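Enquirer: Next up is a structure, given as structure tokens.
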Amino acid sequence: VIANAPNPAGQSILSKFFPGGVNPAKLAMGALIPTIILGLVFMGIPQEVQDPKQSQNAGVKVTD
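Printed below as a string of structure tokens:
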């Protein structure tokens, strides 16, 4: 089961409010622009990337 797939029960309930029924392709097209906008926003947010191996050994000094 795909969580984001159009729900047949929801389509049958909403079909009386839309002439010609609910079109999954139009739903996908309607979601495309907000998805692109948020994708660009998230790509523009700076993030600090740390190497897990480096952070684990940061405070450890090895002596012979």
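According to this note's numbering, the sequence shown is numbered sequentially starting from 65.
C-beta: ideal position from N, C-alpha, C; glycine also.
This structure is a prediction, so every number in the text was calculated from the model and none was measured.
1. Return the first residue and the last residue of the alpha helix (DSSP H) that residue 74 is part of.
2. Does DSSP put residue 110 in a helix, in a strand, or in coil?
3. In whole angstroms, what separates the C-alpha of residue 90 from that of residue 96?
4. DSSP three-state label for residue 82, please.
Expert: Well, looking at it:
1. As a first step, residue 74 must be located in the sequence shown, where it is residue number 10. First-last of the alpha helix (DSSP H) with residue 74: 72-78.
2. Here residue 110 is taken as the residue at index 46 of the sequence shown, counted from 1. In the three-state reduction of the DSSP assignment, residue 110 falls in the coil class, being assigned neither a helical nor a strand state.
3. Within the sequence shown, the letter at position 26 stands for residue 90. Within the sequence shown, the letter at position 32 stands for residue 96. Looking at the two C-alpha atoms, the distance is approximately 10 angstroms.
4. The count along the sequence shown starts at 1 and reaches residue 82 at position 18. Three-state DSSP puts residue 82 in coil, outside helix and strand.
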